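Reading through the structure tokens given below for one structure.
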Amino acid sequence: MARLVSVNVGLPKDVSWRGRTVHTGIWKSPVTGPRMVRRLNIDGDGQGDLAGHGGEMRAVMVYQLDSYRHWQHELGRDDFVLGQFGENFTVEGLADDEVCIGDRYRIGDAVFEVTQPRVTCYRVGLRMDDPRMPALLVSHRRPGFYFRVIAEGEVEAGQDIIKIATGPGRMTVTEVDGLLYLPEHPRDRLEQALRIDALSPGWQGSFRALLDQAAHGPAGTTGNAGLHAENAGAGPAWDGFRPLTVARVARESRSVISLWLADPDGTPLPAAAPGQYLTVRLDAGADGPELVRSYSLSGQPGGDQYRISVKREPHGAASTRIHTRVRAGRHLQAAAPRGTFTLAPGRTPVILASAGVGVTPVEAMLRALADARTTRQVWWLHGARNGDDHAFAGESRRLLAQLPHSHLRICYSRPRPEDRHGTDYTDTGHLSAALLTRIGLPTDAHAYLCGPTTFMNDLTEALTAAGLGPGQIHTEVFGAGPALTPGIAAAPARPPHPPAGDPGTGPAVSFARSGLTVPWKPEYRTLLELAETCDVPVRWSCRTGVCHTCETGLLGGRVDYDPDPVGPPAEGNALICCSRPRDDVVLDL
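Under my numbering, read the sequence shown as residues 29 to 617, first letter to last.
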């Protein structure tokens, strides 16, 4: 019979790690005597990052002595103590390849249900002093698992673990873990897992995403939608950068010009989805080094040419170079269209809200709706300083006139004397939450927002208050996206910058969104570490190629992996936590 060997608890504490502070509850220590197990925790226990750990479905972490023995042999270590793997219950028996999701057990006075495998993150590597551990736990098929507390009660080390019910479907922890993290995702097994009510909602959502990817993804879809849905897809239309000819240049406002880009041979370019962006590389010249920047596509989706629209910023090196040097007939190097801020099909109302040059991606969405002769309600909301700064004013009005159920609100914050209220603009002031509340937007709409961060935050809050759910609100961020560094103590933000010390001599690494290119040094070990050194905002969790949180668009160049990731990223992407540049690379960061 299985036995509870040790009950381990620990409250979160601050730990120094690579010059940063991590708030973590991964350190657990054995306790003597009985302990009360409650719905969310064991008395005296806690988690440092409740977004990724803890909660009803992850109340008690379980790990087995047999896995201890495996890792002692595999790693050549003899320094393990009970609680070494961050588990609350160290048990004899209950192997991952025997325990099934939905199994129920009685220990002492309490009753437990198996809900999911452990989600491995970097903190288990921190506790083990071995950063490989998140990947090793998955690849060796020994993740451990979580209990949900069905009946609260006291437990104590030495008690028997009595199985009182078998989970429906008889899917083991090992199988369910591999179904998400390993490359193969058989449809019948995904469907079987989703019939298990005990499986935690997060894992159910991941398996539904994998099923949806298989059923509705385009031909050639790659990547793991269960781990990173927005990155799974058919891959970019071409690899790296290719030359495009500037066919035409036109002024859209006082500070915005548009470039029409065409294939040099006149061949129609691959279709781009409305809302995607194009990354261009500007050659070095007398006015500075090579620059890489991304700009939203503002033209007709599916047209023979791409249109990008660029605002000249007061201190923008790339935008200044485009405005002053780029002329019709010139060639620009461009990567294939990318981006997940795209107009979704459907029949529900659409809200297209923008401020300033944020109008560019939603202009492409408006054109797509007009080309499709949609009968959906379309709300066009835009804010500009005045008529001088209002890009696409005439074009957007002509497109809206083609839609039978369109609504228009244009806000000028500082209208000129010649700007006509009721003709050029509808409201004085900024496009604000108060205006959105007043005009009564439909609550079943999907909203697409693009503009400065404060603008999008305010409108997101207003739309949420109006009744739109998180899945109905889509935003496009200018520049680098928000960072995700779980458990790391907050620190003052710094703009991206070259690393201190002598420059490297390796391949050039360009962070396109951050406007930074630096030469590689082997001392960084991974592209993630280089980005962190440069204060480029990054997203990560496991740091060993398991979770795909760090998956990033690889706009140009090639990378090598060490270690190899557990599962590959989508075509045209890279896992920066375990990769190095093989040659010059451009990352969508």
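Ideal Cβ positions, reconstructed from N, Cα and C, are used throughout, including at glycine. Please read all numbers here as calculations on a predicted model, not as lab measurements.
Tryptophan 288 and arginine 67 have their C-alpha atoms spaced approximately 60 Å apart. Shortest Cα-Cα distance from glycine 47 to any of Ile516, Val564, Asn601 and Asp124 involves Ile516. In the structure shown, the three-state DSSP call for phenylalanine 483 is helix. If you draw a straight line from the Cα of glycine 206 to the Cα of valine 127, it is about 14 Å long. Fully enclosed alpha helix (DSSP H) runs of no fewer than 4 residues occupy 253 to 256 of the region 252 to 328, in order along the chain. Taking valine 152 as reference, the option from Thr143, Gly111, Val142 and Gly121 with the minimal CA-CA separation is Gly111.
Bridge pairing for histidine 51: Asp42 [DSSP]. Contact annotation: serine 434 and valine 406 have beta-carbon atoms nearer than 8 Å. Residue pairing for glycine 584: DSSP places it in a beta bridge opposite Val614. Distance between threonine 376 and threonine 273, taken at the CA atoms: about 38 Å. Non-local C-beta neighbours of serine 286 in its own chain, meaning closer than 6 Å and more than five positions away in sequence, comprise Ala278, Glu280, Arg335 and Ser337, ordered along the chain. Taking C-beta separations shorter than 8 Å and ignoring five residues to either side along the sequence, the partners of isoleucine 224 in its chain run Ile129, Gly130, Gly195, Pro196, Gly197 and Met199, following chain order. In terms of Cα proximity to glycine 61, the closest of Val574, Val35, Trp568 and Leu491 is Val35. Considered as a whole, the region 85 to 130 harbours 93 to 103 as its complete alpha helix (DSSP H) runs of no fewer than 4 residues, in chain order.
Under the criterion of beta carbons closer than 8 Å, serine 607 and threonine 554 qualify as touching, at roughly 6 Å. Separation of the CB atoms of leucine 556 and arginine 571 is rounded to 7 Å, and the pair is thereby assigned contact status at 8 Å. Arginine 160 and glycine 573 have their C-alpha atoms roughly 9 Å apart. In chain order, Pro145, Arg146, Leu165 and Asp205 place their CB closer than 6 Å to the CB of proline 171, counting only its own chain and leaving out the 5 sequence neighbours on each side. Beyond the five residues adjoining it in sequence on each side, leucine 487 comes within less than 7 Å, by CB distance, of Ala381, Ala461, Leu464 and Leu477 in the same chain, given in chain order. The three-state secondary structure of phenylalanine 235, taken from DSSP, is helix. Distances from the alpha-carbon of alanine 473 to those of Arg404, Glu203 and Arg105 put Arg404 closest. Under the Cβ criterion (8 Å, minimum of three pairs), the region 394 to 402 does not count as touching the region 445 to 461. Between proline 609 and valine 537 a beta carbon distance of about 6 Å is seen, short of the 8 Å cut, so the two are scored as contacting. If you keep only unbroken alpha helix (DSSP H) runs of at least 4 residues inside the region 438 to 511, you get 461 to 467 and 481 to 493.
Secondary structure of arginine 426 (DSSP, three-state): helix. The shortest C-alpha to C-alpha distance from leucine 459 to any of Gly509, Tyr440, Asp447 and Leu558 is the one to Tyr440. In the three-state reduction of the DSSP assignment, valine 35 falls in the strand class, which pools E and B. Secondary-structure assignment with DSSP links methionine 64 through a beta bridge to Glu182.
Fully enclosed beta strand (DSSP E) runs of no fewer than 3 residues occupy 173 to 179, 181 to 183 and 188 to 193 of the region 153 to 208, in order along the chain. If you look at isoleucine 336, you'll find it in the beta strand (DSSP E) that goes 334 to 339.
Rounded to whole angstroms, the Cβ separation of arginine 169 and aspartate 216 is 20 Å, and the two are not in contact under 8 Å.
Here alanine 30 is near leucine 122, since their CB atoms are less than 8 Å apart.
The way I'd put it, the region 307 to 319 does touch the region 362 to 370; three or more beta-carbon pairs between them come closer than 8 Å. Collapsing the DSSP output to three states places histidine 351 in a helix. Sequence-distant Cβ neighbours of proline 317 in its own chain, meaning closer than 8 Å and more than five residues away, are Thr545. Contact between glycine 53 and arginine 321 does not hold, since the beta-carbon distance rounds to 42 Å and is not under 8 Å.
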